[in-house]
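Data first, discussion second: the structure below is written as structure tokens.
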Amino acid sequence: MQDVLGVSAQRRRTTLWLAGLIVGLVVTGVIAVGTGAIAIGPATVARILVHQLFGLGDVTWTPPQEAIVWQVRFPRVLLGVLVGAGLAVCGVALQAMVRNVLADPYLLGINSGASSGAAAAILFGAGAGFGQYALSTSAFLGALAASLLVFLIARSGGRVTSIRLLLAGVAVGYALYATTSFLIFASGSAEGARSVIFWLLGSLGLARWDGLLAIAAVVIGGTAVYLTIVGRRLDALAVGDETAHTLGVNPDRFRMRLLVIVSLCVGVLVSASGSIGFVGLVVPHLARRLVGAPHVRVVPVAALLGAILLVWADVIARVLLAPQEIPIGIITALLGAPFLLILIRRLHAGGSA
Amino acid sequence: MIQAADVSWRYGATPVIDSVSVAALPGRVLGLIGPNGSGKTTLLRLLYGALRSPTGRVTVDSDGLQSLSPRESALRMAVVVQETGGETALTVAEMVLLGRGPHLSTFQRTGPADHEIAARSLARVGATHLGPRPFSGLSGGERQRVLIARALAQQATHLLLDEPTNHLDIRYQHEVLGLVRGLGTCSIVVLHDLNLAARYCDDLVLLGDGGVVAAGTVDEVLDPAILEPVYGIGIKRLDLDGHLHLLFHPFTQEAA
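Those protein sequence lines, which keep their order, are chains A and B. For the first sequence, this note's numbering begins at 308 and goes up steadily by one. For the second sequence, this note's numbering begins at 154 and goes up steadily by one.
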């Protein structure tokens with residue numbers, strides 16, 4: 308049969324984009340690892356990484372180069388990939404769950420909870436018992452508390468509706484934002500306040516080969532795979548609850564499950580990197596522009612796009628005012644806002660046509 | 154066959170459906186008619202399980218609706234709801250292919266057979282040319298036809314439609330209902346237009362004041378003596394070329 312519906316053409320297009328983006332991500336990673344105070348050529352970076360990952364090739368580089376690549380920059384780029392992908396896929400899921408194109412991963416107030424936790428750790432030494440993980444553990448507990456709170460408020464009669472979820476998220480977000488501000492105010496430490504604000508704006512500076520990176524990889528990878536698998540159900544949910552129901556998806560149960568998974572994922576990535584804005588809002592729109600609306604295609608494309616964008620944002624953050632490091636959230640917002648404006652203009656143009 | 158026994162629903166303290174029983178018989182088209190606010194849509198939602206009646210029970214082919222998984226019930230009942238999902242960025246073809254979802258396992262993607270079914274469903278509602286267009290860019294009538302195509306693509310054993318003729322011009326009102334009738338599947342249709350109900354339904358349930366006022370064949374229910382008090386309008390019934398037609402006139406005019 309002829310491809311009347313254009314499905315095969317769309318699939319080819321998606322495959323091409325996926326392949327292109329994977330190549331783009333690898334190139335991005337190699338360049339990002341090579342960039343910094345001590346520049347290392349892409350060829351050397353690639354050889355070191357291949358050597359470390361697969362044990363292939365002869366050592367033609369100096370030990371300091373290897374330390375910089377493998378111990379310092381590669382974990383950071385890897386965290387950037389994970390956080391960028393995580394933010395993008397959580398943004399996709401939330402936009403489907405609340406049927407609002409302005410939804411982003413921070414809509415649920417989870418990042419505000421993490422911020423409160425982080426502020427408590429930085430300013431008052433909360434979670435000191437967790438040693439090197441004190442900050443991230445404390446942030447994660449804050450995120451967990453915030454998601455529970457949102458969940459309990461949004462739930463009524465065993466259901467979580469889109470609008471209640473939205474309102475609960477905004478309310479809890481503001482309350483916890485106030486808590487964070489109060490903690491900063493109460494501590495009276497200017498230095499502490501500065502570190503909290505730096506953390507609030509997001510940074511990949513915590514990245515190293517440790518348990519946190521492993522957890523982030525598992526949770527974010529798992530979330531992206533799960534969301535791709537349930538893509539068709541996300542499509543149905545995004546059309547409407549009633550439609551989802553008639554297509555064999557229980558909208559209440561599905562939204563609840565998504566809420567748990569997305570909260571966990573956002574909690575982990577915020578604990579690892581602070582609140583990096585705009586990626587989760589803009590990337591889903593970009594992905595839809597490239598491959599259309601079905602989530603089976605949008606989720607993987609958004610994950611790759613998010614990863615690439617965040618790694619580049621981190622490179623800019625490191626290089627622009629070197630040796631000073633700019634909080635990455637400033638870069639993503641500066642890049643993201645114009646992107647969003649362009650999308651809005653396109654959206655209007657498309658609507659009136 | 155879909156049967157409801159003693160189902161009820163209330164919004165707040167107001168009962169909309171109060172202990173209602175209906176049956177849609179195999180191979181027949183059942184119309185739900187009644188004035189605004191008589192609970193037609195609510196009853197339909199109770200029948201496909203979007204609402205769960207606190208009383209009584211709904212059975213589909215003698216299995217309790219509660220005991221069916223969401224997917225199983227989607228295989229038995231395809232529904233055209235009034236929610237259009239006009240904000241979605243899906244194309245028309247993708248929208249229709251969603252109807253194949255209940256037939257696919259979690260890891261399966263749509264195959265050539267699904268695409269052919271979807272293409273045929275679009276052709277049946279005269280919307281093949283809309284396939285690649287974004288769903289959100291369609292007119293109300295075009296959307297309605299696409300949603301009906303999605304329900305057809307679902308190939309369920311029962312078809313439920315909530316005012317499917319909304320937004321349709323007169324030709325498509327008849328084409329769509331003729332199509333439903335021609336399928337020969339057990340169907341339930343909520344209808345406003347009594348003349349459409351007369352032409353395309355086998356059986357009718359007339360709702361009013363939270364309960365069933367009359368139920369039976371079209372000929373039995375579309376009786377001016379039954380309809381007039383429920384709708385509050387004068388009705389004259391004609392039998393023309395073997396079809397039943399209703400003419401309406403306000404009571405006041407008649408008095409004057």
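Glycine residues also receive a C-beta, built at the ideal position from the N, C-alpha and C atoms.
Buried versus exposed call for residue i [16 or more other C-beta atoms within 10 Å across all chains shown]
i: G335 (chain B); result: exposed
i: D621 (chain A); result: buried
i: G657 (chain A); result: A caution first: G657 (chain A) carries a pLDDT of 49, below 50, which makes its placement in the model too unreliable to give a value.
i: Q326 (chain B); result: buried
i: Y481 (chain A); result: exposed
i: N418 (chain A); result: buried
i: V525 (chain A); result: exposed
i: S315 (chain A); result: exposed
i: G436 (chain A); result: exposed
i: L473 (chain A); result: buried
i: R653 (chain A); result: exposed
i: L565 (chain A); result: buried
i: Y164 (chain B); result: exposed
i: S292 (chain B); result: exposed
i: K193 (chain B); result: buried
i: P370 (chain A); result: exposed
i: T318 (chain B); result: buried
Endpoints, the alpha helix (DSSP H) within which residue i is located
i: W619 (chain A); result: H602 to V626
i: V329 (chain B); result: I323 to L336
i: A450 (chain A); result: A441 to A461
i: L243 (chain B); result: It is not in any alpha helix (DSSP H) - L243 (chain B) carries neither H nor E in the DSSP assignment.
i: R303 (chain B); result: G293 to A306
i: A378 (chain B); result: P377 to Y384
Residue i, DSSP secondary structure in three states
i: C354 (chain B); result: coil
i: M154 (chain B); result: coil
i: T535 (chain A); result: helix
i: G165 (chain B); result: coil
i: D346 (chain B); result: coil
i: H552 (chain A); result: helix
i: S422 (chain A); result: helix
i: G657 (chain A); result: Unreliable placement is indicated for G657 (chain A), whose pLDDT of 49 sits below 50; no coordinate value is reported for it.
i: S570 (chain A); result: helix
i: V408 (chain A); result: coil
i: P666 (chain A); result: What the structure shows of chain A is the stretch from 308 to 660, and residue 666 (chain A) is not part of that stretch, so it cannot be assessed.
i: A276 (chain B); result: helix
i: G499 (chain A); result: helix
i: P403 (chain B); result: coil
i: L490 (chain A); result: helix
i: L363 (chain A); result: coil
i: R181 (chain B); result: coil
i: L517 (chain A); result: According to the sequence provided, residue 517 (chain A) is Asp. The question's Leu does not apply to it. Reduced to three states, the DSSP call for D517 (chain A) is coil.
i: S315 (chain A); result: helix
i: A392 (chain A); result: helix
i: P255 (chain B); result: helix
Residue nearest to residue i in terms of C-alpha spacing, selected from the options
i: Q219 (chain B); options: B:A231, B:H398, B:A227 and B:R205; result: B:R205
i: Y201 (chain B); options: B:V211, B:D376 and B:P207; result: B:V211
i: L197 (chain B); options: B:P207, B:R286 and B:L312; result: B:L312
i: L332 (chain B); options: B:G279, B:V343 and B:E381; result: B:G279
i: C354 (chain B); options: B:I155, B:A177 and B:T167; result: B:A177
i: A350 (chain A); options: A:S422, A:W368 and A:G476; result: A:W368
i: D392 (chain B); options: B:G187, B:A302 and B:D376; result: B:D376
i: I623 (chain A); options: A:A614, A:A610, A:V608 and A:T639; result: A:T639
i: V337 (chain A); options: A:G643, A:G555, A:V537 and A:V352; result: A:V352
i: H396 (chain B); options: B:P255, B:E247, B:A271 and B:N348; result: B:N348
i: Q261 (chain B); options: A:I460, A:A493 and A:V537; result: A:V537
Residue i: CB within 8 Å of a non-hydrogen atom of the ligand FMN
i: V314 (chain A); result: No copy of the ligand FMN appears in this structure; indeed no ligand is present at all.
Supposed close pair residue i, residue j - CB separation, criterion 8 Å
i: A157 (chain B); j: S174 (chain B); result: 6 Å
i: L228 (chain B); j: I341 (chain B); result: With a Cβ gap of about 17 Å, L228 (chain B) and I341 (chain B) do not count as contacting.
i: A242 (chain B); j: P287 (chain B); result: 7 Å
i: V573 (chain A); j: C397 (chain A); result: 5 Å
i: P591 (chain A); j: Q402 (chain A); result: 6 Å
i: I635 (chain A); j: G509 (chain A); result: 5 Å
i: G499 (chain A); j: I429 (chain A); result: 6 Å
i: E316 (chain B); j: L344 (chain B); result: 7 Å
i: L490 (chain A); j: A450 (chain A); result: Going by Cβ atoms, the distance from L490 (chain A) to A450 (chain A) rounds to 16 Å, so no, they are not a contact pair.
i: A231 (chain B); j: A309 (chain B); result: 4 Å
The beta strand (DSSP E) enclosing residue i, as first and last residue numbers
i: D392 (chain B); result: G387 to L393
i: Y315 (chain B); result: A small fix is needed here, since residue 315 (chain B) is Asp in this sequence, not Tyr. Note, D315 (chain B): beta strand (DSSP E), H311 to D315.
i: V371 (chain B); result: Note, V371 (chain B): premise wrong, no beta strand (DSSP E); alpha helix (DSSP H) at V371 to V374.
i: I583 (chain A); result: Where I583 (chain A) is concerned, there is no enclosing beta strand (DSSP E), given that its DSSP letter is neither H nor E.
i: R210 (chain B); result: R210 to V213
Interface flag, residue i vs chain E, CB-CB below 9 Å
i: Y325 (chain B); result: Protein chains in the displayed structure are A and B, and chain E is not among them.
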